[in-house]
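Protein chains in written order, with the working numbering: chain A, 440 to 996; chain B, 407 to 928. Cβ coordinates follow ideal geometry from the N, Cα and C atoms, glycine included. Note that this is a predicted model, so its numbers are computed, not measured. Inspection log for the structure reproduced underneath, given as structure tokens.
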Amino acid sequence: MSKNLGDLGGRKGVQENLFSKIGEAAMATEGSPSPEEMDRLADEFLVGKANVYGTATFYDFLKPENRGKKVYVCNGSACLCAGTQEGLIADLKTRFDESEIGHMTCLGRCHENGAFHYEGKNYSALGEGQLGAALKGADEINVDRYEICASGEAVLTANFEGMDAYATLLKGVLAKESADVLEEVKAAGIRGRGGAGFPMGVKWEFARNAESDLKFIICNADEGDPGAYSDRYLLEQRPHSVLFGMIIAGYCMKAQWGVLYIRAEYPESFPIVEAAIQDFRDAGLLGEDINGAGFDFDFKIVQGQGSYICGEETALISSIEGQRPEVRVRPPFPAQKGLFNKPTIVNNVETLATVPYVIKNGGAAYAALGTEKSNGTKLVSLDSYFKRPGIYEVDMGTPLATVVNDLGGGFTEPVKALHIGGPLGGIVPSEKIDELTIDFESFNVGGFLLGHASVVCIPESFSIMTYLEKLMEFAAVESCGKCFPCRLGTKRAHEMLESANKGNYKIDTELFDDLLHTLEEGSLCAHGGGIPLPVKNALQYFGEELKQFFSKEGSHV
Amino acid sequence: MSKIAYLNNKPHEIEAGETMISFARRALGSDSIPTLCDAPNLEPFGSCRVCSVDVALEKDGPAKTFASCHTPVAEGQYIYTDSKNVQRLRKNIIELVLTDHPLDCLTCEVNGNCELQTVAARVGINSVRYPEGETHLDREKDLSHPYMTSDFSKCINCYRCVRACDEVQGEFVLSMAGRGFDSHIIKGLDQSFEDSPCVSCGACSQACPTAAISDVFQSKSIANTQKTRTVCTYCGVGCNLEVATSGGDIKGIQAPFDAEVNQGHTCLKGRFAFKFYKHDDRIRSPLIKRDGVFEEATWDEAYDYIASRFRGYQKEFGPDSLAGISSARCTNEENYLMQKFFRTIVGTNNIDGCARVCHSPTALGMQRVFGTGAATNSIDDIKDTDAILVIGANATEAHPVTGAKLKQFEMSGRTSIVIDPRRTELARYATHHLQLRPGTNVAVLNMMMYYIIKEGFADQSFIDDRTEGYEDFCDALFKLDIDEMESISGVDRELVKSAAVAYATAPNAMSFHGLGVPEHSQ
Ligand SMILES: Cc1cc2nc3c(=O)[nH]c(=O)nc-3n(C[C@H](O)[C@H](O)[C@H](O)COP(=O)(O)O)c2cc1C
Ligand code: SF4
Ligand code: SF4
Numbered sequence: 440m441s442k443n444l445g446d447l448g449g450r451k452g453v454q455e456n457l458f459s460k461i462g463e464a465a466m467a468t469e470g471s472p473s474p475e476e477m478d479r480l481a482d483e484f485l486v487g488k489a490n491v492y493g494t495a496t497f498y499d500f501l502k503p504e505n506r507g508k509k510v511y512v513c514n515g516s517a518c519l520c521a522g523t524q525e526g527l528i529a530d531l532k533t534r535f536d537e538s539e540i541g542h543m544t545c546l547g548r549c550h551e552n553g554a555f556h557y558e559g560k561n562y563s564a565l566g567e568g569q570l571g572a573a574l575k576g577a578d579e580i581n582v583d584r585y586e587i588c589a590s591g592e593a594v595l596t597a598n599f600e601g602m603d604a605y606a607t608l609l610k611g612v613l614a615k616e617s618a619d620v621l622e623e624v625k626a627a628g629i630r631g632r633g634g635a636g637f638p639m640g641v642k643w644e645f646a647r648n649a650e651s652d653l654k655f656i657i658c659n660a661d662e663g664d665p666g667a668y669s670d671r672y673l674l675e676q677r678p679h680s681v682l683f684g685m686i687i688a689g690y691c692m693k694a695q696w697g698v699l700y701i702r703a704e705y706p707e708s709f710p711i712v713e714a715a716i717q718d719f720r721d722a723g724l725l726g727e728d729i730n731g732a733g734f735d736f737d738f739k740i741v742q743g744q745g746s747y748i749c750g751e752e753t754a755l756i757s758s759i760e761g762q763r764p765e766v767r768v769r770p771p772f773p774a775q776k777g778l779f780n781k782p783t784i785v786n787n788v789e790t791l792a793t794v795p796y797v798i799k800n801g802g803a804a805y806a807a808l809g810t811e812k813s814n815g816t817k818l819v820s821l822d823s824y825f826k827r828p829g830i831y832e833v834d835m836g837t838p839l840a841t842v843v844n845d846l847g848g849g850f851t852e853p854v855k856a857l858h859i860g861g862p863l864g865g866i867v868p869s870e871k872i873d874e875l876t877i878d879f880e881s882f883n884v885g886g887f888l889l890g891h892a893s894v895v896c897i898p899e900s901f902s903i904m905t906y907l908e909k910l911m912e913f914a915a916v917e918s919c920g921k922c923f924p925c926r927l928g929t930k931r932a933h934e935m936l937e938s939a940n941k942g943n944y945k946i947d948t949e950l951f952d953d954l955l956h957t958l959e960e961g962s963l964c965a966h967g968g969g970i971p972l973p974v975k976n977a978l979q980y981f982g983e984e985l986k987q988f989f990s991k992e993g994s995h996v
Numbered sequence: 407m408s409k410i411a412y413l414n415n416k417p418h419e420i421e422a423g424e425t426m427i428s429f430a431r432r433a434l435g436s437d438s439i440p441t442l443c444d445a446p447n448l449e450p451f452g453s454c455r456v457c458s459v460d461v462a463l464e465k466d467g468p469a470k471t472f473a474s475c476h477t478p479v480a481e482g483q484y485i486y487t488d489s490k491n492v493q494r495l496r497k498n499i500i501e502l503v504l505t506d507h508p509l510d511c512l513t514c515e516v517n518g519n520c521e522l523q524t525v526a527a528r529v530g531i532n533s534v535r536y537p538e539g540e541t542h543l544d545r546e547k548d549l550s551h552p553y554m555t556s557d558f559s560k561c562i563n564c565y566r567c568v569r570a571c572d573e574v575q576g577e578f579v580l581s582m583a584g585r586g587f588d589s590h591i592i593k594g595l596d597q598s599f600e601d602s603p604c605v606s607c608g609a610c611s612q613a614c615p616t617a618a619i620s621d622v623f624q625s626k627s628i629a630n631t632q633k634t635r636t637v638c639t640y641c642g643v644g645c646n647l648e649v650a651t652s653g654g655d656i657k658g659i660q661a662p663f664d665a666e667v668n669q670g671h672t673c674l675k676g677r678f679a680f681k682f683y684k685h686d687d688r689i690r691s692p693l694i695k696r697d698g699v700f701e702e703a704t705w706d707e708a709y710d711y712i713a714s715r716f717r718g719y720q721k722e723f724g725p726d727s728l729a730g731i732s733s734a735r736c737t738n739e740e741n742y743l744m745q746k747f748f749r750t751i752v753g754t755n756n757i758d759g760c761a762r763v764c765h766s767p768t769a770l771g772m773q774r775v776f777g778t779g780a781a782t783n784s785i786d787d788i789k790d791t792d793a794i795l796v797i798g799a800n801a802t803e804a805h806p807v808t809g810a811k812l813k814q815f816e817m818s819g820r821t822s823i824v825i826d827p828r829r830t831e832l833a834r835y836a837t838h839h840l841q842l843r844p845g846t847n848v849a850v851l852n853m854m855m856y857y858i859i860k861e862g863f864a865d866q867s868f869i870d871d872r873t874e875g876y877e878d879f880c881d882a883l884f885k886l887d888i889d890e891m892e893s894i895s896g897v898d899r900e901l902v903k904s905a906a907v908a909y910a911t912a913p914n915a916m917s918f919h920g921l922g923v924p925e926h927s928q
């Protein structure tokens, strides 16, 4: 991260941000900005050409290789395990040149799979007819259907009561002292749903106490975890709750801007969120001196460009600034120096979406839900191996077995493990399902990670080695490359897994152990630091299946 | 009360705000913790992770691993700089680095002076256990540039070059491109050094811990063992230089980090433009002109000749018949000696320097206003000021090391006013650029003063205590016709006004002028 580039980006402000302009330049030139345009942007923003080029080449949808891509096939883990993509690619090859077919990692259609992206829309090709219809742009194919259900209190999945009700609620809050509102949010004790589980109210307080006449609240809608689509659900079906949460955050921490960083892989989310912003604007709840409370606030949507690491909050901040989204060291924390070096809070979509409930029912009501240490409810997303795939809202502390069997209706075919909480989450063998409950502590104690609570099934028939190989490929491809252990370690780990899986090589157990140790202890962020967890789970629970690929010294076969 | 933390179980006092690595370096010595991405003049970055240490809350208690370069030390921590765990981690990181690094140390230009080599030896790598994988060893060398070279097959992705170009020179020529294992250093839009906007300051090459970025002189080669510390004579910044020589020949020049003036930085002139010292066009011995022709002479002959002629004129026509002129390219010490020689030995005040042309108005003006004909601030004060005003100075070109500091200041977004007819580099980054017609400085400055006083920003107590003739000054100022000033200078009055207000309202402000101002009095 560069302080200078942050400051220079700040001169133009978030509305005119360099990153969005590079994105526009890429759109105008077939998927990657031209050298002339990069040169021009560098000049306009007073940065180096190398900076613009360095940024553009980082992202899947900006880099020169993206030029000419017409259709993107999902290569997320749920689609991989579902086995739908090989056939889809074969079908697409009859209609497109191979060079026109690209990849997107997880389109959030894990409930039906066979997912692909074409001309700004996502589809699932579930049969030959559907693919044809999709490519003709038939809207009904674009619609996706999945179960949505709350097993207990509906905090997040409750029906949207309409803009009028929200406007009244919001106006009521803005009449109160912001310090009191913050106390209410703190009392709810909601812990961040983006992975780290840090209490939201405490974070807001840090930013509130930071001196600055410009602050930002960022909604992390980069839901990059393959297999997760609960944020997509909220963005597309409960956008007002998310925006409401951001306005309250802004009010409590005295921020002027709410920035939504939404991944490009969720194209349907953009118009929906924009329309919801318009609802707030029409209700007079955006702009200057809102409701006479001396509070100025507005929204800005920033579109991601295809990079998992942008979900990491400091990378996300650099991304908006038009810098390369490489993870930053802390301190300084974003609450002190974040976007454009101004105090910034990044919260996950689901975290922010709880705020209306807290405001309406009080912090104590929210805190009463869930377990002692994990308050509230959690959305769990189930993939297409469940009989009833969908988004389930459960009280924290609900047994995993209830989710799997009662809500999800069990599996459509034998499943040996669940990968829960995204790529950096643990691989839970089927026999452990009965031991876990949906909360941070249960998963930690069990040696797993709740994360964003997405569930991807690994069926009996699917090789764990292949799963690990693909997982490590993902880790390597998505590594930001800043720190040595992850940049080199994920690559070497992938190479070893790949060549062992092909049968060319047996992995040196001691070397592999050293490598996992290096990643875990040495990595700058939880990407490199977290990837050993599922690998270790697999080694522990599927040792029998994996042992043929390892040997004590490591050797070529 | 002093605060204590423990290093390998021994208590040491910690300083507020210091990182674990600076704490350890202060207490245990500068190389107590190995690192590859940390550099003395760069912000902590945290990419190599080699500086990792174990940290416990009690003696030999359960420890967590932290990168010491960017983690602040806290009271009561037990820091283990060399635990088994840390040793294992460091060794394995370096082993990974070596899976993508040529193993041809013995023929490498920095052999013996390579930080990777040093760290690898220190952590004790004896073999690379990984099976053969993808590498970047086939990257091509870039020898396009008159000074800078690169061989990115040797790059370890520490970002030191990128950070030096950004944090020190402020030029943004270098960046990483691509991501993950494919990330690689680029220049400009992935161009050669020659085609890139590189300004040849050499900061990246000095920062690079390997031979991945170097220069045509191979300045980092260990063969150049003889080092002489000196001062650059190109411009008034006075950068300290460390000149490496072998057999009396200059091999390369680096900028020492402990130099107060230039803190490990210098510009292309100081670092690379030294070849003139042995150029064929230079005279190699004193020349005495006899009958209109220069003839080579020995130093003894020359001195004898000077002495006898000087004495002759002195006797015949008096000391004032002689005059000396010296040069700004000489050091202060040399100039001092020259005037001493003329005043005390020759006995005349006829002594001058080439700076007369450029600086006499400065010296006179400053002396009248401030009491001394010299700068009232040191360059270091840039760190503490809130606003700068630069007039008639193109510092990034003429005084690049100070220019870079000014540019760094401007990039932070603090008030910076540049008064210059040209859109200089500093003008590009300034918050206010007053682009006046050449030769109309006085009009613009008058307008500025007018607005400062009119808008009520004059510091009355300062004026009362330390100035004289203020009323007369105001009278004269208020008689000025702003319409006329505006049309003379060509600068919009509103722009001047906003610059004046910004300058006047900054708690601390510093002003800089260059030859664009005094040379107008010629
Ligand atoms: C590799 C990596 C990827 C991440 N991806 C996401 C993401 O897609 N969405 C998200 O909300 N948080 C993600 N995070 C977590 C964020 O860094 C951050 O903790 C979170 O947005 C904070 O919001 P919360 O406090 O509301 O959870 C990721 C973290 C890492 C290390
Ligand atoms: S762990 Fe990986 S993703 Fe995280 S900072 Fe290091 S290289 Fe980047
Ligand atoms: S060129 Fe040198 S300084 Fe730059 S990243 Fe590579 S090794 Fe580091």
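How about residue i: is its C-beta nearer than 7 Å to some C-beta of chain B?
| i | result |
| --- | --- |
| residue 486/A | yes |
| residue 939/A | no |
| residue 923/A | yes |
| residue 1041/A | Residue 1041/A falls outside the range modelled here, since chain A spans only 440 to 996, and no answer is possible. |
| residue 497/A | yes |
| residue 957/A | yes |
| residue 433/A | Nothing in the structure corresponds to residue 433/A, since chain A is present only between 440 and 996. |
| residue 474/A | yes |
Using a C-beta cutoff of 7 Å, does residue i count as contacting chain A?
| i | result |
| --- | --- |
| residue 682/B | no |
| residue 373/B | Since the first residue of chain B shown is 407 and the last is 928, residue 373/B is not available in this structure. |
| residue 535/B | yes |
| residue 471/B | yes |
Compare the beta carbon distance of residue i and residue j with 7 Å and say whether it is the shorter of the two.
| i | j | result |
| --- | --- | --- |
| residue 468/A | residue 594/A | no |
| residue 876/A | residue 924/A | no |
| residue 674/B | residue 606/B | yes |
Check each candidate in the options and name the one with the smallest Cα separation from residue i.
| i | options | result |
| --- | --- | --- |
| residue 580/A | 603/A, 553/A, 962/A and 601/A | 553/A |
| residue 915/B | 790/B, 708/B and 773/B | 790/B |
| residue 498/B | 458/B, 704/B, 482/B and 759/B | 458/B |
| residue 553/B | 658/B, 857/B and 705/B | 658/B |
| residue 980/A | 937/A, 944/A and 872/A | 872/A |
Considering only residues of the stretch 720–798 of chain A, which uninterrupted beta strand (DSSP E) runs meet the minimum length of 3 residues and lie entirely inside it, listed in chain order?
737–742 and 783–787
Report the start-end ranges of each alpha helix (DSSP H) in the stretch 449–524 of chain A that is 4 residues or longer and not cut off at the edges.
457–467, 474–484, 488–495 and 516–521
Any chance you could list the beta strand (DSSP E) runs of at least 3 consecutive residues sitting entirely within the stretch 513–554 of chain B, in chain order?
none
Ranges of the alpha helix (DSSP H) found wholly within the stretch 527–612 of chain A, counting only runs of at least 4:
567–574 and 578–581
Kindly confirm or deny that the stretch 736–755 of chain B and the stretch 768–787 of chain B touch, where touching means at least three C-beta pairs closer than 8 Å.
no
Considering only residues of the stretch 582–627 of chain B, which uninterrupted beta strand (DSSP E) runs meet the minimum length of 3 residues and lie entirely inside it, listed in chain order?
590–593 and 619–621
Identify every run of the beta strand (DSSP E) within the stretch 673–725 of chain B, keeping only runs that are complete inside it and at least 3 residues long; order them along the chain.
693–696 and 699–702
Can at least three beta-carbon pairs, one atom from the stretch 672–687 of chain B and one from the stretch 633–650 of chain B, be found at a separation below 8 Å?
yes
Would you say the stretch 622–641 of chain B touches the stretch 515–530 of chain B, given that touching needs at least three Cβ pairs under 8 Å?
yes
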